[in-house]
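Undergrad: In this note's numbering, the protein residues as written are 2 to 271.
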């Protein structure tokens with residue numbers, strides 16, 4: 002009989018995306034299993050073969066985590082928290098559980114294109130959480146070990162392929178807080194783009210600067226020309242109406258008085 006499942010265990014966190022080698026998601030292997038299986042509500046012990054995706058290598062699973070073929074744990078007993086699906090995997094099933102005031106999400110990650118396993122009648126269904134069925138009998142190459150010899154074979158009949166899933170959990174508090182921009186002020190219309198590229202804006206800025214400099218130079222030249230013209234006009238007015246220097250006025254002639262001692266009276270006529 003199969004061993005009972007171990008109690009739930011919290012595995013290491015998987016906060017970043019783990020990327021397994023490409024062969025883990027492409028190579029197929031055939032395995033033999035012996036155990037108790039339930040078929041049509043009847044338990045029986047037998048040996049069967051099944052196909053499994055990826056090599057049973059630690060490289061195919063996140064580091065410091067569980068190896069499902071060794072611990073034989075299903076999603077309810079081994080998980081990563083907080084965790085995200087590895088690269089090449091998608092969530093095929095999830096549910097939420099209230100834990101006090103928090104909400105915990107539990108999800109199963111399967112390789113891209115695989116569905117969650119919903120059967121338990123066969124032994125390998127209990128620990129392989131993911132499945133893929135051909136349905137059309139398309140050929141599938143796989144690696145098998147026969148009498149100790151590793152060989153590559155091809156299955157041409159309809160087949161089913163199993164894969165180990167990865168169980169993750171996270172709380173709503175584990176998610177980064179989204180930063181939202183404040184709503185626009187209704188009194189102010191939203192800014193509209195000018196539709197100009199950075200290069201065009203730079204060209205316009207340079208053109209405006211050059212124009213301003215030219216205007217300043219022209220203004221300076223006009224100002225100098227006006228000043229020179231004004232100075233020349235002032236010099237012309239001074240030469241036309243230049244004041245004549247005042248000449249010295251000669252003193253008035255002296256008045257000479259006659260000597261009174263030499264006065265002779267003229268005799269009266271007889």
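Glycine included, each C-beta is placed from N, C-alpha and C at the ideal position.
Could you give the first and the last residue of the continuous beta strand (DSSP E) run that contains residue 160?
TA: Secondary structure note for residue 160: it is in no beta strand (DSSP E), with a DSSP letter that is neither H nor E.
Undergrad: How about residue 21 and residue 69: do their beta carbons lie closer than 8 Å?
TA: no
Undergrad: Looking at the secondary structure, which residues open and close the beta strand (DSSP E) in which residue 108 lies?
TA: That run of the beta strand (DSSP E) goes 103-112.
Undergrad: If you reduce the DSSP assignment to three classes, tell me which class residue 100 lands in.
TA: For residue 100, the secondary structure class from DSSP, reduced to helix, strand or coil, is strand.
Undergrad: Take residue 93 as the anchor and find which of 100, 168, 222 and 157 has the nearest alpha-carbon.
TA: 168
Undergrad: Would you list the residues sitting across from residue 92 in a DSSP beta bridge?
TA: 110
Undergrad: Out of 18, 23, 19 and 29, point me to the one whose CA is closest to residue 160's CA.
TA: Just measuring C-alpha positions, the residue of 18, 23, 19 and 29 sitting nearest residue 160 is 29.
Undergrad: Could you check if residue 179 is buried or exposed, using at least 16 other CB atoms within 10 Å of its CB as the buried criterion?
TA: Here the model assigns residue 179 a pLDDT of 41, short of 50, so the residue's position is not dependable, and the following value carries that caveat. Exposed.
Undergrad: Considering only their Cβ atoms, is the gap separating residue 66 from residue 164 smaller than 8 Å?
TA: no
Undergrad: Three-state secondary structure (DSSP) at residue 84?
TA: strand
Undergrad: Roughly how many angstroms separate the alpha carbons of residue 170 and residue 207, rounded to a whole number?
TA: 58 Å
Undergrad: What is the C-beta distance between residue 32 and residue 50, in whole angstroms, given that I count them as a contact (C-beta under 8 Å)?
TA: Confirmed, about 7 Å.
Undergrad: Under 8 Å: do the segment 104-120 and the segment 129-141 share three or more Cβ pairs, one atom per stretch?
TA: Output reads yes: the segment 129-141 touches the segment 104-120.
Undergrad: Quick one: grab the DSSP three-state call for residue 76.
TA: At residue 76, the pLDDT of 44 sits below 50, so the modelled position is not reliable and the matter cannot be decided from this model.
Undergrad: Compute the Euclidean distance between the alpha carbons of residue 166 and residue 129, then round it to the nearest angstrom.
TA: 7 Å
Undergrad: Beta-carbon separation of residue 90 and residue 162 under 8 Å?
TA: no
Undergrad: Can you give me the start and stop residues for the beta strand (DSSP E) that residue 168 sits inside?
TA: 167-172
Undergrad: In three-state terms, what does DSSP make of residue 142?
TA: Residue 142 falls in the strand class under three-state DSSP.
Undergrad: If you draw a straight line from the C-alpha of residue 229 to the C-alpha of residue 209, how long is it?
TA: Near 30 Å, if we compare the C-alpha coordinates of residue 209 and residue 229.
Undergrad: For residue 15, does the count of other Cβ atoms within 10 angstroms reach 16, so buried, or fall short, so exposed?
TA: Residue 15 is buried by the Cβ-count criterion.
Undergrad: Please report the residue range of the beta strand (DSSP E) in which residue 132 lies.
TA: 131-134
Undergrad: Could you pull out every residue in the same chain whose Cβ sits closer than 6 Å to the Cβ of residue 19, ignoring the five residues on either side in sequence?
TA: Hits under 6 Å: 63 and 87.
Undergrad: Residue 95: which of 172, 17 and 221 sits nearest, CA to CA?
TA: 172
Undergrad: To the nearest angstrom, how far is the alpha carbon of residue 137 from that of residue 147?
TA: Distance between the alpha carbons of residue 137 and residue 147 is about 27 Å.
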